[in-house]
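First comes the structure, then the notes that go with it.
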Ligand code: GDP
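Numbering (UniProt numbering), first residue to last: 1 to 321.
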């Protein structure tokens, strides 16, 4: 039976610990008293390389794995490099899942994304709407790769009886995010742009799209807590949504970012940029039923993320514009 507390002294591997999600999961596991944590940078183990992944698992034999390694990016990056998003993600997850099952990993959490659900799924999106309709074209290659991961987890459970599970987080944000203007998601993209405009005294800031699509935002520390909670309280092949249960239009989000950084100029919408899916609010009743809820509100989480970004700017680890 796998619904039980995780063994804090068992070897635990966080794949993708340099990323937004993996970094937060690693910090949470450390805070929770896990004593045998294993990580590897992509230079040490390229997870797209099957031989390298097999050798790593053969050597380390983790009992627990959080699979947070993935090629991720915002709407423009996904639309520009669909082949990379497809191939890198298929290879990373197939290699890690196969190697984990072959070397006796007992518990594993695979992280997907809310973009796996159909573009016009009924809102809020329930887990059982998976594969009931067509995908949003700006990120269909990434979505198909992640759907394949969910199916692989289910297949491994059926064929090998392993206790592996999948979770689908909504849009994430927080310290450690990617603030690169081309590759980032909307929240870090806007923080960077509004802060640069404030510092430069620019009269306007451009926001991509019409501003009408609605998005839900979960702080990555809340997600990290949810990951451990699911590993300890859930053992089924059906993916579980992780979100806050509330969303807001991009225009409102942009104003909130402007207010948080203290920018007082005007917002201009660039409708030549894609809107993406109109709405993707997750139904979070499954995870609420399992006893987990998001705790960090958007205003509070956004203020903390802006503070973190300013520290990075001051330290010279990111540029303002
Ligand atoms: P999505 O949730 O997969 O669509 O990914 P994003 O987080 O990249 O985009 C969410 C929404 O925010 C889309 O409608 C974008 O057009 C819009 N958006 C507005 N400004 C920006 C920006 O500066 N960067 C990004 N990535 N999206 C933006």
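A virtual CB, placed ideally from N, CA and C, is assigned to each residue, including glycine.
This one's a predicted model, so the numbers in the text were calculated from it and none came from an experiment.
Item	Value
contact_flag[the segment 129–145, the segment 210–225] where n(CB pairs < 8 Å) is 3 or more	no
Bounding residues of the alpha helix (DSSP H) (the contiguous stretch that carries residue 90)	82–102
Ranges of the alpha helix (DSSP H) found wholly within the segment 215–252, counting only runs of at least 4	220–233
Residue 68 and residue 16 closer than 8 Å at C-beta	yes
Residue nearest to residue 103 in terms of C-alpha spacing, selected from 262, 76, 83, 63	63
Beta-carbon proximity list for residue 94, same chain, < 7 Å, skipping 5 on both sides	152
Beta-carbon contacts of residue 290 that lie in its chain and below 8 Å, excluding the five residues immediately before and after	229, 230, 233, 234, 240
Proximity test, residue 267 beta-carbon vs ligand 1 heavy atom, cut-off 7 Å	no
Residue range of the beta strand (DSSP E) that includes residue 208	204–208
Through-space distance from residue 109 to residue 279, alpha-carbon basis	26 Å
Length at least 3, wholly inside the segment 270–310: the beta strand (DSSP E) runs in chain order	none
Backbone secondary structure at residue 107 - three-state DSSP	strand
For residue 165: DSSP bridge partner residues	109
Continuous beta strand (DSSP E) assignments of at least 3 residues falling wholly in the segment 132–190	163–169, 171–173
Assigned secondary structure, residue 69 (DSSP; H/G/I helix, E/B strand, else coil)	coil
Residue 47 - DSSP class collapsed to helix/strand/coil	coil
Three-way DSSP call (helix, strand, coil) for residue 125 in this model	strand
Reduced DSSP secondary structure (H/G/I, E/B, other) of residue 37	strand
Buried or exposed by the 16-neighbour rule on C-beta atoms within 10 Å, applied to residue 187	buried
Any non-hydrogen atom of ligand 1 within 7 Å of residue 218 CB	no
Residue 56 to residue 82 span [Cα, whole Å]	28 Å
Near ligand 1: residue 171 beta-carbon under 7 Å from a heavy atom	yes
Neighbouring residues (CB closer than 5 Å to any heavy atom of ligand 1)	74, 75, 185, 186, 189, 207, 208, 209, 213, 250, 275, 276
Whether residue 122 touches residue 114 by CB criterion (8 Å)	no
Buried/exposed call for residue 184, threshold 16 Cβ in 10 Å	buried
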